[in-house]
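Presented below is the structure to which this report refers.
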Amino acid sequence: MTAGGQAPAGRAPAVEAQLAGPGLPAGRGARLALTALRGSRRFGGPVAAVAVGIALVLLLQGNGFTSTLILDMLVYAIAAMSLDFLGGYAGLISLGQAGFLGVGAYGVAIAEVHFFSPWAAVGIGLGAALVLGLALGIVAVRVRGVSFVIITLAMGQVLWGLAFQWVGLSEGDNGIPLTILPSIGPFDLNDPLTLRMTVLAVFAVVALLLVTFVHSPFGLSLRGVRSNETRLAALGYRTGLHLYLAWVIAVFFTGVAGVLYIFVNQLISPATMAFSQDGLLVIMVVLGGLRSIWGPALGAVVIVLFQQELSIYLERWQTVMGLTLIAVVLFSPGGLWGLVRAAGRRRDALITRLEARPGKRDGP
Amino acid sequence: MQQFIAQTLNGLTLAGIIFLVSSGFTLVFGVMRVTNLSHGAVYLLGGYIGYSVITATHNFLAGLAAAALGMGLFGLLLERTLITWLKGNEMSELLATLGLIYVIDDISLAIWGGSPLTINLPGVLGGSSTLPISGIVYPNDRIFILAVSIVIALGLYYLLRRTRIGAIIRAGVDDREMVSALGINVRRVFSLVFTLGALLAGFAGVLGGTVLGVYTGGDSDILLFALAVVIIGGLGSFEGAIVGSLIIGLIETYGTAYFPAVAYSILFIPVIVILLVKPEGLLGKVNR
Chain Y
1 MTAGGQAPAG
11 RAPAVEAQLA
21 GPGLPAGRGA
31 RLALTALRGS
41 RRFGGPVAAV
51 AVGIALVLLL
61 QGNGFTSTLI
71 LDMLVYAIAA
81 MSLDFLGGYA
91 GLISLGQAGF
101 LGVGAYGVAI
111 AEVHFFSPWA
121 AVGIGLGAAL
131 VLGLALGIVA
141 VRVRGVSFVI
151 ITLAMGQVLW
161 GLAFQWVGLS
171 EGDNGIPLTI
181 LPSIGPFDLN
191 DPLTLRMTVL
201 AVFAVVALLL
211 VTFVHSPFGL
221 SLRGVRSNET
231 RLAALGYRTG
241 LHLYLAWVIA
251 VFFTGVAGVL
261 YIFVNQLISP
271 ATMAFSQDGL
281 LVIMVVLGGL
291 RSIWGPALGA
301 VVIVLFQQEL
311 SIYLERWQTV
321 MGLTLIAVVL
331 FSPGGLWGLV
341 RAAGRRRDAL
351 ITRLEARPGK
361 RDGP
Chain B
1 MQQFIAQTLN
11 GLTLAGIIFL
21 VSSGFTLVFG
31 VMRVTNLSHG
41 AVYLLGGYIG
51 YSVITATHNF
61 LAGLAAAALG
71 MGLFGLLLER
81 TLITWLKGNE
91 MSELLATLGL
101 IYVIDDISLA
111 IWGGSPLTIN
121 LPGVLGGSST
131 LPISGIVYPN
141 DRIFILAVSI
151 VIALGLYYLL
161 RRTRIGAIIR
171 AGVDDREMVS
181 ALGINVRRVF
191 SLVFTLGALL
201 AGFAGVLGGT
211 VLGVYTGGDS
221 DILLFALAVV
231 IIGGLGSFEG
241 AIVGSLIIGL
251 IETYGTAYFP
261 AVAYSILFIP
271 VIVILLVKPE
281 GLLGKVNR
């Protein structure tokens with residue numbers, strides 16, 4: 001592919017025959033390839049998304065370990081995608097995100113301990129994440145870059161500290177179990193299958209919302225703030241307000257992930273909010289690929305696999321994970337999704353080259 | 001009252017350990033703009049190495065020296081490889097050192113296991129003595145740590161304020177380009193500062209191991225103290241590290257003694273206040 005691509009278009013027929021592959025008439029082979037490539041450019045994304053969706057629905061039918069694994073991936077994928085929205089697009093990488101996941105989960109658990117109904121508990125969990133996001137955002141978006149990382153780390157640790165030390169509220173290190181999940185009519189989250197499909201649906205909704213935000217004028221202005229805030233401010237944008245909104249969105253969706261987390265695990269303890277978990281979320285985003293909503297979801301899949309599967313065979317999986325992050329930072333800053341994008345770019349380049357070749361009948 | 005005095009002394013001891021860690025962190029940031037998140041892991045690794053050497057040789061000073069020099073060497077190696085390869089990209093450096101935390105912690109866990117270890121000071125330093133006037137019986141190791149931290153702080157102050165190297169480092173904090181334009185080998189200054197920071201962290205790891213213990217998770221605890229310190233004092237400010245360490249050390253100790261439910265969290269109240277009122281920190285000059 002690459003060797004053929006380097007040949008200037010419209011040379012000797014022998015070269016063209018080589019390009020089209022052995023045993024195929026030159027013109028027809030190239031046309032077939034072109035049609036296939038164009039098709040993949042046009043339908044590849046949606047087809048892959050539908051295929052993954054169907055596969056997930058099928059895999060989640062079972063009660064086994066696979067379902068548990070996938071639910072874990074989906075919950076962390078929501079948190080990682082939210083973090084990427086803030087970190088990748090707005091340029092504010094938060095190292096306290098596990099704390100906000102904990103807020104959503106603890107909100108539900110503590111409310112139920114205090115005899116609120118399960119639905120009210122969900123409202124309290126989400127409300128806590130939203131209010132905290134609104135309040136802490138005032139402090140957080142005052143700083144940028146490295147300082148922002150440090151500040152969010154501090155916030156995450158305050159939340160962890162409360163969960164760990166405020167035993168009267170949080171039951172301390174033991175955590176709080178959740179026994180009853182919400183239900184309304186036939187829709188009963190206590191039913192494992194309903195719960196699994198709900199998690200999948202929430203994941204899809206959050207992902208689509210984030211993709212919509214990213215491609216909206218709001219998302220574009222966020223990217224503008226990231227690349228040159230001064231210039232955008234000079235153009236009359238209220239950059240602080242944009243970042244504040246992005247922050248609140250990211251914190252709230254992470255709280256959503258937290259609510260799902262306690263539904264799936266039926267227990268929340270401070271360990272879920274520890275510094276290593278904050279780091280793990282950032283690793284998911286960077287490994288999957290900053291500035292691509294789907295990349296961090298992929299990162300969540302890989303890291304959950306590391307945790308649950310690799311740890312069975314390899315005791316030192318954390319070393320492997322740390323080295324993987326360093327390798328990604330050094331050699332592939334775009335992460336896994338960067339590789340997917342690079343493949344897409346190569347395909348587009350190939351299409352352009354094939355289109356430029358003379359002798360084909362379907363060109364202009 | 002006696003308890004309050006004892007707690008104040010405890011807070012000052014903790015401040016001493018935090019200062020040793022945060023001064024290195026803040027100097028590295030000030031001169032190189034590198035946020036070394038693995039600084040806490042270096043502290044912990046120093047503690048572990050010190051523990052092993054002390055157990056093997058029964059010599060506290062040998063353990064202290066091994067940890068400090070070993071971590072200094074590690075810092076030099078880190079600066080010459082990973083940090084250099086990343087060519088000054090602040091966020092990449094931060095993320096790579098985040099990955100390094102997992103590697104160092106995991107390897108430490110493999111070698112030294114998960115149970116907390118304690119380093120004991122030899123001879124009279126392991127005992128207690130009655131303080132004059134107040135009549136408080138106070139452990140000698142804490143007094144020793146406090147004294148050592150003050151000596152090192154004075155030494156660093158002398159280095160930074162009274163020597164040529166120190167002048168170059170301070171100039172580097174203020175304006176890195178200008179320093180290199182004056183024909184000074186900035187690369188060498190970077191290596192020196194990074195090595196010095198890691199050396200101090202390893203040294204602090206052994207001292208901290210005596211009163212705080214050497215334990216899994218000790219690295220993130222001390223890293224967070226250091227981060228709180230540099231926000232309060234100002235990123236890159238040596239004097240700020242002293243002031244910040246005192247504030248954090250005392251608040252943490254008083255908090256644990258008097259408000260145990262929120263001890264860890266009230267630590268960050270000054271951090272938030274500083275951010276709202278003076279985002280560059282009490283004594284900070286570095287623009288962020």
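Chains as they are written, first to last, in our numbering: chain Y, 1 to 364; chain B, 1 to 288.
Glycine residues also receive a C-beta, built at the ideal position from the N, C-alpha and C atoms.
Quiz item: Going by DSSP, what residues sit across from B/Tyr138 in a beta bridge?
Solution: B/Ser129
Quiz prompt | Alpha carbon of B/Asp219 to alpha carbon of B/Ile18, nearest angstrom | solution = 12 Å
Quiz item: Any beta-carbon of chain Y closer than 8 Å to the one on B/Leu76?
Solution: no
Quiz item: For the segment 105–120 of chain B, which residues have a beta carbon sitting closer than 9 Å to at least one beta carbon of chain Y?
Solution: Asp105, Asp106, Ile107, Leu109, Ala110
Quiz item: Which residues in the same chain have their Cβ closer than 6 Å to the Cβ of Y/Met321, if we skip the five residues on either side of it in sequence?
Solution: Phe306
Quiz prompt | For B/Tyr215, the first and last residue of its enclosing alpha helix (DSSP H) | solution = No alpha helix (DSSP H) holds B/Tyr215; DSSP gives it neither H nor E.
Self-check item: Range covered by the alpha helix (DSSP H) that runs through Y/Arg238
Solution: Looking at the DSSP string, Y/Arg238 is not in any alpha helix (DSSP H), and its letter there is neither H nor E.
Quiz item: For the alpha helix (DSSP H) that contains Y/Leu159, what are its first and last residues?
Solution: 145–165
Quiz item: In the structure shown, what three-state DSSP assignment does Y/Ser292 receive?
Solution: coil
Quiz item: Short check: CB of B/Leu121 to CB of B/Asp106, under 8 Å?
Solution: no
Quiz item: Is any beta-carbon of chain Y found at less than 8 Å from that of B/Tyr102?
Solution: yes
Quiz item: What does Y/Ile176 pair with, by DSSP beta-bridge criteria?
Solution: Y/Ile268
Exercise. Have a look at Y/Val47 and Y/Val57 and give me their C-alpha separation to the nearest angstrom.
Key: 15 Å
Quiz item: Mapping DSSP to helix, strand and coil, what is B/Ile119?
Solution: coil
Quiz item: Taking only beta-carbon atoms, is Y/Arg142 less than 8 Å away from chain B?
Solution: yes
Quiz item: B/Met1: buried (16+ other C-beta within 10 angstroms of its C-beta) or exposed?
Solution: exposed
Quiz item: Do B/Val186 and B/Val193 have their C-beta atoms within less than 8 Å of each other?
Solution: no
Exercise. Check whether the Cβ of Y/Trp247 lies closer than 8 Å to any Cβ atom in chain B.
Key: no
Practice problem: Give the single residue among Y/Gly224, Y/Gly240, Y/Val122, Y/Ser183 whose Cα lies nearest to the Cα of Y/Ala140. | Solution: Y/Gly240
Self-check item: Contacts of B/Thr35 in chain Y (Cβ-Cβ under 8 Å)
Solution: Val146, Val149, Ile150
Quiz item: DSSP on Y/Asp188, reduced to helix/strand/coil?
Solution: strand
Quiz item: Listing by chain order, which chain B residues have their CB less than 9 Å from the CB of Y/Ile93?
Solution: Met91, Leu94, Leu95
Quiz item: B/Ala261 touches chain Y at which residues, Cβ-Cβ below 9 Å?
Solution: Leu162, Gln165, Trp166, Val167, Gly168, Leu169
Practice problem: Decide yes or no for the touch test of the segment 59–77 of chain Y against the segment 116–127 of chain Y: beta carbon pairs closer than 8 Å, at least 3 of them. | Solution: no
Exercise. Sort out for me which residues DSSP pairs Y/Ser276 with in a bridge.
Key: Answer by DSSP bridge pairing: none, since Y/Ser276 is not bridged.
Quiz item: Under 8 Å between C-beta atoms, does Y/Pro25 make it to chain B?
Solution: Interpretation of Y/Pro25 is limited by its pLDDT of 47, a score under 50 that renders its predicted location unreliable; the figure taken from the coordinates is listed afterwards. Judged by the 8 Å Cβ criterion, Y/Pro25 is not in contact with chain B.
Quiz prompt | B/Arg164 burial status per 10 Å Cβ neighbour count (16 or more: buried) | solution = exposed
Quiz item: Is Y/Ser216 helix, strand or coil when you go by DSSP?
Solution: coil
Quiz item: Can you tell me whether DSSP reads B/Ser180 as helix, strand or coil?
Solution: helix
Quiz item: Does the distance from the CB of B/Val189 to the CB of B/Ile232 come in under 8 Å?
Solution: no
Exercise. On a CA-only basis, which of Y/Gly53, Y/Trp247, Y/Gln266 is nearest Y/Asp84? Give me that one, please.
Key: Y/Trp247
Quiz prompt | Within 8 Å, strictly: CB atoms of Y/Val285 and Y/Gly104 | solution = no
Quiz item: Roughly how many angstroms separate the alpha carbons of B/Ile133 and B/Leu73, rounded to a whole number?
Solution: 45 Å
Quiz item: Going straight from the alpha carbon of Y/Gly45 to that of Y/Gly344, what length do you get?
Solution: 10 Å
Exercise. Closer than 6 Å by C-beta to Y/Asp348: which residues in its own chain qualify, once you throw out the five before and the five after it? Chain order, please.
Key: none
Quiz prompt | Host alpha helix (DSSP H) of Y/Ile110 (start-end) | solution = 97–113
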